[in-house]
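K.L.:
Encoded as structure tokens, here's the structure I'll be asking about.
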Amino acid sequence: MRFPKTYHLENIAEIIGCSFVGAPDFPVLGMNEIHVVQAGEIVFVDHPKYYDKALNSNATIILINKDVECPEGKALLISEDPFRDFNKLSTYFRPFQASSNAIAATAQVGEGTVIQPNAFVGNHVKIGKNCIIHANVVLNDHTIIGDNVVIHAGTVLGADAFYFKKRTDFFDPLISCGSVVIEDDVTLGALCTIDRGVTGETRIKKGTKIDNQVHIGHDTVIGEMCLIAAQCGIAGCVVIEDNVTLWGQVGTTSGITIETGAVISAKSGVSKSLKGNKVYFGTPAEEAREYYKHVAKVKNLVK
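The sequence shown lines up with residues 4 to 306 when you count with this note's numbering.
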């Protein structure tokens, strides 16, 4: 998430009440998670296992819970609880904004777009031309919809990420302040749920068609011309490249990549990244031909 203007390191330290290492006027342009963070942005880290990864990432400001040597050209924010303070920044720069109308005054709706009764269009939502938004669809704040998009009844875009830190006696949510982006010519079936990015985007690219009751987690990117059948569950931070097909009830773990042209047969469980232009089946998913060979061998053992 980029800030509306450039802030200085000392400004950010004042907001969260922490010390800092670096020039007081060191520029801060935004904040992001480590897999999408860019120069000028803040990333947080609160576990020694990930210190090096954060310090050597694209981030130029690291919110960290230990005094460490600051890499050249970067700055540090020293916090007792980086998770908590990252949430403070999310709340400060993108606070929850209540709505009083079904279609917010700040929403932009393109020419020829039809919004059916009982749909909700939140603050700063942008909808392109010639779209159809069916009844009871929810487009939460900062959602962006391209042209010629069809969204069927009951679908929810922009719910919070399923991302929690386990405290002693409760689960502490990482506050979501990102967005959902739906590109041109996408169709979303009924009762789908697409969570927004924590600080970045969850994106569905041009021409992709998604069936009913599909869930897509935060910060996932789905490529162009994909087909995703009913009841698939796609975890957060997944990359699905172009022309991928997922048949019904496929499930994936987080943080993997499914390469261009892959086909995943129904009821498969994808636990690792998969190469493109192959057909997969099983749990864990493997090349379908290999899976069927294994099944045949097991059957022969039983005889």
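Cβ atoms here follow ideal geometry from the backbone N, Cα and C, with glycine treated the same way.
None of these values were measured; they are calculated from a predicted model.
Flag this pair as yes or no: are the beta carbons of Ile-178 and Ile-197 separated by less than 8 Å?
P.N.:
Residue numbering aside, residue 178 sits at position 175 when the sequence shown is read from its first letter. Residue numbering aside, residue 197 sits at position 194 when the sequence shown is read from its first letter. Cβ distance not < 8 Å, so Ile-178 and Ile-197 don't count as in contact.
K.L.:
Evaluate His-50 with the Cβ neighbour count: other Cβ atoms within 10 Å of its Cβ, from every protein chain shown; 16 or more gives buried, anything less gives exposed.
P.N.:
Here the question's residue 50 lines up with position 47 in the sequence shown. By the neighbour-count rule (16 or more Cβ atoms within 10 Å), His-50 is not buried but exposed.
K.L.:
Which same chain residues, not among the five before or five after Ser-257, have their C-beta less than 6 Å away from its C-beta?
P.N.:
Working through the sequence shown from its first residue, we reach residue 257 at position 254. Correct list, in chain order: Ala-238, Gly-239, Cys-240.
K.L.:
Terminal residues of the continuous beta strand (DSSP E) containing Phe-6?
P.N.:
In the sequence shown, the residue the question calls residue 6 occupies position 3. Looking at the DSSP string, the run of the beta strand (DSSP E) that includes Phe-6 is 5-11.
K.L.:
Given a threshold of 16 other Cβ atoms within 10 Å of its Cβ, counted over all protein chains shown, does Val-301 qualify as buried or as exposed?
P.N.:
Position 298 of the sequence shown, counted from the start, is the residue given in the question as residue 301. The residue in question, Val-301, is exposed, as its Cβ has fewer than 16 Cβ neighbours within 10 Å.
K.L.:
Around the Cβ of Asp-28, are there at least 16 other Cβ atoms within 10 angstroms (buried) or fewer (exposed)?
P.N.:
Counting from 1 along the sequence shown, the entry for residue 28 is found at position 25. The residue is exposed, with fewer than 16 neighbouring Cβ atoms inside 10 Å.
K.L.:
Thinking Ser-268 and Ala-291 are a contact (beta carbons under 8 Å), I'd like their distance in whole angstroms, please.
P.N.:
The residue you call residue 268 lines up with position 265 of the sequence shown. The residue you call residue 291 lines up with position 288 of the sequence shown. Rounded, the Cβ-Cβ distance is 6 Å, consistent with contact.
K.L.:
Ser-60 and Val-40: beta carbons closer than 8 Å?
P.N.:
For the purposes of this step, residue 60 is identified with residue 57 of the sequence shown, where counting begins at 1. For the purposes of this step, residue 40 is identified with residue 37 of the sequence shown, where counting begins at 1. Result yes, Cβ atoms of Ser-60 and Val-40 sit closer than 8 Å.
K.L.:
Relative to the C-alpha of Gln-111, which candidate in Ile-147, Gln-119, Ala-122 has its C-alpha closest?
P.N.:
Counting from one through the sequence shown, the residue named residue 111 turns up at place 108. Ranking Ile-147, Gln-119, Ala-122 by Cα distance to Gln-111 puts Ile-147 first.
K.L.:
Tell me where the beta strand (DSSP E) around Ala-78 begins and ends.
P.N.:
Along the sequence shown, one-based indexing puts residue 78 at 75. First-last of the beta strand (DSSP E) with Ala-78: 78-81.
K.L.:
I need the boundaries of the alpha helix (DSSP H) containing Leu-92, first residue and last residue.
P.N.:
Mapped onto the sequence shown, residue 92 falls at position 89. That run of the alpha helix (DSSP H) goes 85-96.
K.L.:
Report yes if the CB atom of Arg-97 is closer than 8 Å to the CB atom of Met-4, and no otherwise.
P.N.:
Here residue 97 refers to the residue found at position 94 when the sequence shown is read from its first residue. Here residue 4 refers to the residue found at position 1 when the sequence shown is read from its first residue. The answer is yes: Cβ separation under 8 Å.
K.L.:
Is it buried or exposed for Val-298, if we count other Cβ within 10 angstroms and need 16 for buried?
P.N.:
Here the question's residue 298 lines up with position 295 in the sequence shown. Label assigned to Val-298: exposed.
K.L.:
List the residues that DSSP assigns as beta-bridge partners of Ile-231.
P.N.:
In the sequence shown, residue 231 corresponds to position 228, counting from 1. Bridge partners of Ile-231: Ile-213, Leu-249.
K.L.:
Tell me which residues share the same chain as Asp-188 and place their Cβ nearer than 8 Å to its Cβ, disregarding the 5 neighbours each side in the sequence.
P.N.:
For the purposes of this step, residue 188 is identified with residue 185 of the sequence shown, where counting begins at 1. So the list reads Gly-149, Asp-150, Asn-151, Val-152, Lys-209, Gly-210, once near-sequence residues are dropped.
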